[in-house]
Amino acid sequence: MKRLVILGAGTAGTMMANHLNHHLHAPDWEIDIIDERKTHYYQPGYLFLPFDIYEPDDIIKPIQDFIPKHVNLIQEKINRVFPKDNYVELGNGLKIPYDVLIIATGAKIAPEEVPGMQGSGWQKDVFDFYTFEGALALRDKLRDWTGGKLVVHITEMPIKCPVAPLEFAFLADSYFKNKHIRDQVEITFVTPLSGAFTKPKATAALQHLLDEKNIHIESDFAIEQVDNDRKVIVDYGGREVPYDLLVTVPTNKGDEVMARSEMGDDLNFVPTNKATLQSLVYDNIFALGDATNIAASKAGSVAHFEAEILTNNILHFIHGEPLRAEFDGHANCFIETGGGKALLIDFNYSHEPVEGEFPFPGVGPLRLLKESRVNHMGKLAFRWIYWNMLLKGTHIPFVSAKMQEAGKHF
Amino acid sequence: MNKIIADSTIQVNEEGYLTDFSQWNQAIGTALSTEANIVMTPRHWEVIDYLQAEFKKDIPLSIRKIGKSNVVDIKEFYALFPVAPLKTASKIAGIPKPASCI
Ligand SMILES: Cc1cc2nc3c(=O)[nH]c(=O)nc-3n(C[C@H](O)[C@H](O)[C@H](O)COP(=O)(O)OP(=O)(O)OC[C@H]3O[C@@H](n4cnc5c(N)ncnc54)[C@H](O)[C@@H]3O)c2cc1C
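Chains C and Z, in that order, are what the protein sequence lines are.
Residues 250 to 659 in the working numbering are what the first sequence lists, from first letter to last.
Residues 16 to 117 in the working numbering are what the second sequence lists, from first letter to last.
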């Protein structure tokens with residue numbers, strides 16, 4: 250019997266287990282999936298937790314519930330991959346040989362990359378919201394905070410869900426308005442990019458919202474250190490931004506297992522073919538989701554599109570057929586803008602987000618790059634879709650893995 | 016679009032980055048540095064050489080990579096090109112604006 254091993258049972262790994270379960274069966278194939286955690290976290294919910302919009306229970310479920318019964322779930326730390334010898338070594342020393350390996354170990358924050366970030370102020374006046382613990386600690390802080398200088402900060406790109414920090418700033422604006430203390434709070438958005446976003450049309454739309462909500466932006470800021478005593482962040486050029494409450498998105502890195510296995514780049518991301526999702530080094534290794542180094546957004550929606558394409562490519566690989574270079578970098582993200590509204594953006598490697606209607610050209614009902622209440626309903630519905638469709642690998646009706654060009658105003 | 020600089024015509028995009036690296040020469044680099052209010056020294060040119068070499072190898076650039084390059088540390092990189100150093104240096108070097116992936 251041959252064995253396919255999936256590393257990581259998060260968003261991407263779970264989707265692959267569900268897809269491949271339909272195609273690879275005993276007695277020819279066994280599928281193993283390995284994760285050290287017992288709990289699946291709905292990470293998009295980390296954005297809502299600090300503002301008391303979601304409860305912890307809304308965003309955690311057992312990993313086991315989403316793994317099909319013929320797939321073998323191994324709950325153990327992955328210690329190292331030996332790609333030349335085709336086996337994985339677990340934390341308990343067990344060796345698992347594979348014929349095909351899928352890497353879906355995701356990305357995590359690395360606050361230790363910036364001096365002072367995890368200093369005396371960590372989780373007192375310096376917080377992250379990219380972890381469950383961080384988002385909860387921040388919720389408790391915000392419940393009692395009476396105002397001052399709130400700084401929302403991105404350390405360096407790439408990060409997961411690159412619009413989440415902006416959404417955080419927008420939601421903070423609404424949150425303080427609802428508490429009637431918005432006039433006590435100064436909100437500054439600090440980014441290493443030269444504007445609110447990397448793509449020009451979306452940047453213009455988002456800049457407009459920042460102005461409207463009186464959120465100040467400091468761009469081209471490459472942080473050198475957090476000075477906990479003076480409560481300022483300092484950039485390499487000597488520029489300083491003072492804070493009373495710093496909400497930072499630290500450097501995002503792939504898991505250390507990729508460094509131990511000598512399979513990652515300088516941020517532990519796995520060099521991957523951006524169209525086939527095959528490793529650039531080893532033919533029988535594939536990667537998807539946040540773990541890869543491809544220039545697509547690190548988002549659940551991207552992992553969903555990748556999973557459909559990668560499933561076909563794994564079957565092609567197994568049958569000795571040529572791989573299809575199909576992944577176009579398609580991403581589709583709701584951007585919460587506060588006050589019960591949201592924007593929707595749809596883009597890929599070659600097309601930046603533009604205005605238009607989605608998913609039906611000329612009809613919608615969702616509006617691209619325009620604030621609306623329907624889009625906000627879409628964002629909230631995403632949680633249901635995530636638990637009930639995305640993880641199970643169910644195809645979302647009318648939304649294709651490759652980006653559709655009709656209905657978009659390029 | 017066309018731009019006339021240092022007695023030559025070059026192709027640039029709307030943000031002023033060269034679109035064809037083969038049109039670059041040191042005189043053009045010097046003229047572009049003047050536009051960015053930078054007076055070039057041998058240290059500046061060492062950094063520009065490094066950026067161009069990485070570009071020719073198809074290696075995407077980031078502030079982090081430069082810091083680990085052993086050519087210049089981030090502090091000095093900022094001292095040489097004080098405002099948005101990677102973008103400014105890329106423009107002077109005639110290579111595309113660094114793509115920060117999203
Ligand atoms: C604040 C925030 C908001 C977001 N909002 C959105 C949104 O609105 N829309 C959207 O589409 N996406 C959003 N995302 C992004 C989305 O959550 C991720 O892109 C997605 O979860 C990536 O899936 P993955 O499988 O690659 O990684 P993960 O889901 O993180 O899974 C990786 C798994 O690998 C396991 N693992 C890693 N290393 C090891 C090891 N050595 N041993 C054992 N197990 C290991 C981990 O335990 C984990 O379970 C958001 C993310 C954040 C942080």
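Cβ coordinates follow ideal geometry from the N, Cα and C atoms, glycine included.
Partners in chain Z for residue i, counting only beta-carbon separations shorter than 7 Å
i, result
"Tyr379 of chain C", "The contacting residues do not exist; Tyr379 of chain C stays about 16 Å from chain Z at best."
"Ala471 of chain C", "Ile78"
"Gly486 of chain C", "Tyr93 and Pro97"
CA-to-CA distance, residue j to residue i, given in whole angstroms
i, j, result
"Gly588 of chain C", "Leu420 of chain C", "8 Å"
"Val519 of chain C", "Ile53 of chain Z", "38 Å"
"Lys318 of chain C", "Trp636 of chain C", "17 Å"
"His429 of chain C", "Gly370 of chain C", "27 Å"
"Arg79 of chain Z", "Asp484 of chain C", "13 Å"
"Ala384 of chain C", "Val375 of chain C", "12 Å"
"Leu618 of chain C", "Val337 of chain C", "44 Å"
"Ile117 of chain Z", "Phe300 of chain C", "Unreliable positioning characterises Ile117 of chain Z in this predicted model, as indicated by a pLDDT of 43, which lies under 50. The coordinate reading is nonetheless provided below. If you take the alpha carbons of Ile117 of chain Z and Phe300 of chain C, they lie about 25 Å apart."
"Arg632 of chain C", "Asp595 of chain C", "18 Å"
"Ala104 of chain Z", "Gly569 of chain C", "46 Å"
"Arg573 of chain C", "Ser550 of chain C", "20 Å"
"Gln292 of chain C", "Ile308 of chain C", "8 Å"
"Lys657 of chain C", "Gly605 of chain C", "4 Å"
"Ser48 of chain Z", "Ala471 of chain C", "21 Å"
"Ser228 of chain C", "Ile327 of chain C", "Outside the shown range of chain C (250 to 659) lies residue 228 of chain C, about which nothing can therefore be said."
"Leu208 of chain C", "Lys344 of chain C", "Residue coverage of chain C in this structure runs from 250 to 659, which leaves residue 208 of chain C outside it and unanswerable."
"Leu399 of chain C", "Leu101 of chain Z", "28 Å"
"Lys651 of chain C", "Glu585 of chain C", "24 Å"
"Arg286 of chain C", "Ile20 of chain Z", "59 Å"
"Pro57 of chain Z", "Phe378 of chain C", "44 Å"
"Lys448 of chain C", "His274 of chain C", "44 Å"
"Arg252 of chain C", "Val603 of chain C", "43 Å"
"Pro113 of chain Z", "Pro276 of chain C", "50 Å"
"Thr437 of chain C", "Ile464 of chain C", "6 Å"
"His579 of chain C", "Gly262 of chain C", "19 Å"
"Glu50 of chain Z", "Gly397 of chain C", "40 Å"
"Ile634 of chain C", "Thr34 of chain Z", "43 Å"
"Phe70 of chain Z", "Asp422 of chain C", "41 Å"
Chain-ordered chain Z contacts of residue i [CB-CB under 8 Å]
i, result
"Glu405 of chain C", "Ser77, Ile78 and Arg79"
Unbroken alpha helix (DSSP H) run spanning residue i, endpoints
i, result
"Ile352 of chain C", "Taken as a continuous stretch (DSSP letters only), Ile352 of chain C belongs to no alpha helix (DSSP H), being part of the beta strand (DSSP E) at Val349 to Ile352."
"Asp422 of chain C", "Ala413 to Asn427"
"Lys628 of chain C", "Arg622 to Ile634"
"Phe554 of chain C", "Gly549 to Ile567"
"Ala715 of chain C", "The displayed coordinates of chain C run from 250 to 659. Any statement about residue 715 of chain C would go beyond what the structure contains."
"Glu473 of chain C", "Not the alpha helix (DSSP H): Glu473 of chain C falls in the beta strand (DSSP E), residues Ile472 to Asp476."
"Phe518 of chain C", "Element bounds for Phe518 of chain C: n/a, residue is neither H nor E."
"Ile78 of chain Z", "Ile78 to Gly82"
"Tyr93 of chain Z", "Ile89 to Leu95"
Chain-ordered neighbours of residue i on chain Z, where CB pairs are closer than 9 Å
i, result
"Ser599 of chain C", "Under the 9 Å cutoff, chain Z gives no residues; its nearest Cβ is about 12 Å from Ser599 of chain C."
Simplified DSSP assignment, three categories, for residue i
i, result
"Ile110 of chain Z", "coil"
"Ile466 of chain C", "strand"
"Val506 of chain C", "helix"
"Ile117 of chain Z", "With a pLDDT of 43 at Ile117 of chain Z, under the threshold of 50, the modelled position of this residue cannot be trusted; read the value that follows with caution. Coil at Ile117 of chain Z, not helix or strand."
"Pro346 of chain C", "strand"
"Gly44 of chain Z", "helix"
"Ser105 of chain Z", "helix"
"Lys480 of chain C", "coil"
"Tyr598 of chain C", "coil"
"Arg616 of chain C", "strand"
"Arg573 of chain C", "coil"
Endpoints, beta strand (DSSP E) assigned at residue i
i, result
"Glu61 of chain Z", "No beta strand (DSSP E) holds Glu61 of chain Z; the alpha helix (DSSP H) holding it covers Pro57 to Lys71."
"Glu279 of chain C", "Trp278 to Asp284"
"Pro491 of chain C", "Glu489 to Pro491"
"Glu435 of chain C", "Val434 to Val439"
"Gln26 of chain Z", "Ser23 to Gln26"
"Pro608 of chain C", "Gly605 to Phe609"
"Leu459 of chain C", "Run containing Leu459 of chain C: none in the beta strand (DSSP E); it sits in the alpha helix (DSSP H), Pro449 to Glu461."
Closer than 8 Å at the beta carbon, the chain C residues around residue i
i, result
"Glu102 of chain Z", "First, the residue type needs correcting, since residue 102 of chain Z is Lys and not Glu in the sequence shown. Result: Ser443 and Asp469."
"Ile89 of chain Z", "Ala471, Glu473 and Tyr485"
"Lys18 of chain Z", "Chain C residues near Lys18 of chain Z: none, gap ~20 Å exceeds 8 Å."
"Lys83 of chain Z", "Asp515"
Contact test: residue i Cβ vs ligand 3 heavy atom, cutoff 8 Å
i, result
"Pro293 of chain C", "This structure lacks ligand 3; the ligands present are ligand 1."
Got a sec: which bits of the segment 505–523 of chain C sit with their beta carbon under 9 Å from any beta carbon on chain A, in order along the chain?
Of the chains in the structure shown, none is chain A; the protein chains are C and Z.
Ranges of the beta strand (DSSP E) found wholly within the segment 293–361 of chain C, counting only runs of at least 3
Runs of the beta strand (DSSP E) inside the segment 293–361 of chain C: 309–311, 321–324, 327–331, 336–339, 344–346, 349–352 and 356–358.
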